Amino acid sequence: MQNMRDEFGKALVELAATRDDFVVLDADVAGGTGTYHFRKAYPDRFIQCGIAEQNMFSMAAGLAESGIIPIVTCYAVFASMRALEQARNSIAYPDFNVKIAASHLGLDVGPDGATHQALEDISIYRAIPNMTVVSPADPVEMRAILPYLLDSHGPLYLRTGRSPLPEVFDANTKFEPGKAQVLVEGEDCTIMAVGVMVHRAVQAAQKLSEEGIFCRVLNMSWLKPMDEEAVIKAAQETGAIVTCEDHNKYGGLGGAVMEIVCENHPVPVERVAIDDIFGSSGEPEDLAREYGLMPEDIANAVRRVLKRK
Numbered sequence: 014m015q016n017m018r019d020e021f022g023k024a025l026v027e028l029a030a031t032r033d034d035f036v037v038l039d040a041d042v043a044g045g046t047g048t049y050h051f052r053k054a055y056p057d058r059f060i061q062c063g064i065a066e067q068n069m070f071s072m073a074a075g076l077a078e079s080g081i082i083p084i085v086t087c088y089a090v091f092a093s094m095r096a097l098e099q100a101r102n103s104i105a106y107p108d109f110n111v112k113i114a115a116s117h118l119g120l121d122v123g124p125d126g127a128t129h130q131a132l133e134d135i136s137i138y139r140a141i142p143n144m145t146v147v148s149p150a151d152p153v154e155m156r157a158i159l160p161y162l163l164d165s166h167g168p169l170y171l172r173t174g175r176s177p178l179p180e181v182f183d184a185n186t187k188f189e190p191g192k193a194q195v196l197v198e199g200e201d202c203t204i205m206a207v208g209v210m211v212h213r214a215v216q217a218a219q220k221l222s223e224e225g226i227f228c229r230v231l232n233m234s235w236l237k238p239m240d241e242e243a244v245i246k247a248a249q250e251t252g253a254i255v256t257c258e259d260h261n262k263y264g265g266l267g268g269a270v271m272e273i274v275c276e277n278h279p280v281p282v283e284r285v286a287i288d289d290i291f292g293s294s295g296e297p298e299d300l301a302r303e304y305g306l307m308p309e310d311i312a313n314a315v316r317r318v319l320k321r322k
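No gaps in the numbering here: position 255 of the sequence shown is 268 in this note's numbering, and each next residue is one more.
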């Protein structure tokens with residue numbers, strides 16, 4: 014298993030060998046974001062801003078106006094709250110081409126505890142006009158879509174991660190930017206998951222199939238804009254949806270899916286998410302079990318939603 018932050022840093026090194034249009038900005042957390050790989054390989058393209066995220070985001074806006082693509086890296090809690098004014102007013106409002114890459118997401122942060130567990134970042138960045146929000150399921154997907162993210166114009170929020178993750182995809186997987194991916198076919202219910210929850214959703218579907226319950230599993234990496242067609246199709250064809258995210262239940266994947274479902278094809282929806290509380294300090298897997306984010310919790314949500322179908 015590989016963690017996405019290190020694979021992110023290594024992927025930047027590889028991209029820098031073939032393109033010179035981007036620089037990396039750091040807030041003194043290169044070890045935590047994986048960008049130390051880039052710092053070592055390309056020190057002249059690595060800008061150390063210190064623990065001053067607001068200044069770093071403002072600097073990125075200026076660099077973007079000069080035609081350079083700044084990749085801003087820090088922890089998600091600081092990207093989504095400490096530097097939020099700069100992300101909104103200095104980057105998104107003028108529609109500058111800045112890529113914000115945030116690590117340390119949700120309970121997966123583990124021992125760093127509640128102050129560093131970003132449980133709100135999806136809802137915050139989804140609400141900012143002009144902002145694209147992407148959360149890959151594993152290091153393979155992150156590597157595959159990173160060139161596209163650099164080629165696309167406009168402000169973007171990329172969620173990386175901290176802990177090692179099982180690979181959902183193999184190196185030959187083809188990704189279509191902006192589209193949800195069907196990982197498992199099924200007609201009884203659709204499980205939609207994002208980030209660290211994707212491999213757990215696949216495990217839950219495999220377990221349920223042994224009971225004769227066959228679930229479609231969608232990887233919802235593109236949180237904004239979301240693949241509305243895939244969501245509506247799932248509602249029409251399976252009649253019930255379970256959303257899974259390592260994030261507060263308000264405003265994240267579940268909220269986005271329910272907006273689409275309610276406006277187009279209402280069906281029962283259950284959310285597997287953090288129940289509007291702060292996390293604790295502990296190992297990521299233990300916290301996932303404590304807060305109801307494990308495959309068995311997803312399976313139970315499917316059983317509940319089928320009773321409402």
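Positions of the beta carbon are idealized from the N, C-alpha and C atoms, including for glycine.
As the structure is a computational prediction, the values presented were derived from the model and not from experiment.
So, is residue i buried or exposed, given that buried needs 16 or more other C-beta atoms within 10 angstroms?
{"i": "Met14", "result": "exposed"}
{"i": "Gln99", "result": "buried"}
{"i": "Ile204", "result": "buried"}
{"i": "Gln249", "result": "exposed"}
{"i": "Ser103", "result": "buried"}
{"i": "Phe109", "result": "buried"}
{"i": "Asn185", "result": "exposed"}
{"i": "His212", "result": "buried"}
{"i": "Cys275", "result": "exposed"}
{"i": "Ser79", "result": "exposed"}
{"i": "Thr128", "result": "exposed"}
{"i": "Asp134", "result": "buried"}
At a cut-off of 7 Å, would you count residue i as near the ligand MG, judging by its Cβ distance to the nearest heavy atom?
{"i": "Ala218", "result": "Within the structure as shown, the ligand MG is missing, as the structure has no ligands at all."}
In its own chain, which residues sit with a C-beta less than 6 Å from the C-beta of residue i, not counting the 5 before and 5 after it?
{"i": "Glu25", "result": "According to the sequence shown, residue 25 is Leu rather than Glu. Phe51, listed in sequence order."}
{"i": "Met239", "result": "Ala269"}
{"i": "Ile273", "result": "Glu241 and Val244"}
{"i": "Ala193", "result": "Leu231, Met233, Asp240 and Ala243"}
{"i": "Glu152", "result": "Looking at the sequence shown, residue 152 is not Glu but Pro. Correct list, in chain order: Gln15, Met17 and Glu20."}
{"i": "Ala312", "result": "Ala217, Lys220 and Leu221"}
Alpha carbon to alpha carbon, how far is residue i from residue j?
{"i": "Asp299", "j": "Ala214", "result": "17 Å"}
{"i": "Tyr88", "j": "Arg172", "result": "10 Å"}
{"i": "Val197", "j": "Pro281", "result": "20 Å"}
{"i": "Asp289", "j": "His278", "result": "27 Å"}
{"i": "Val315", "j": "Thr31", "result": "46 Å"}
{"i": "Arg302", "j": "Pro107", "result": "42 Å"}
{"i": "Thr86", "j": "Gly225", "result": "45 Å"}
Near residue i, which residues of its chain fall below 8 Å by C-beta distance, leaving aside the five closest residues on each side in sequence?
{"i": "Ile158", "result": "Val147, Pro149, Phe188, Pro190 and Ser234"}
{"i": "Gly45", "result": "Arg18, Tyr88, Ser116, His117 and Arg175"}
My understanding is that residue i touches residue j, with C-beta atoms under 8 Å, so please give their C-beta distance in whole angstroms.
{"i": "Ser294", "j": "Gly174", "result": "Between Gly174 and Ser294 the Cβ distance is about 18 Å, and since that is not below 8 Å, they are no contact."}
{"i": "Gly265", "j": "Ala286", "result": "6 Å"}
{"i": "Val195", "j": "Arg229", "result": "6 Å"}
{"i": "Pro168", "j": "Ala92", "result": "With 8 Å as the limit, Pro168 and Ala92 do not qualify as a contact, their Cβ atoms being about 12 Å apart."}
{"i": "Tyr304", "j": "Leu120", "result": "6 Å"}
{"i": "Tyr49", "j": "Gly22", "result": "6 Å"}
Suppose the cutoff is 7 Å on Cβ atoms and the five residues either side in sequence are ignored; what does the same chain contact list for residue i look like?
{"i": "Met210", "result": "Cys257, Glu258, Asp259 and Leu306"}
{"i": "Ile82", "result": "Asp34, Phe35, Asn110, Lys112 and Leu163"}
Meets three-Cβ-pair contact criterion under 8 Å: the region 249-258 and the region 103-117: Too few Cβ pairs lie closer than 8 Å, so no.
Inter-stretch contact (C-beta, 8 Å, three-pair minimum) for the region 58-76 and the region 28-42: yes
Given 8 Å, three or more beta-carbon pairs between the region 61-77 and the region 90-106: yes
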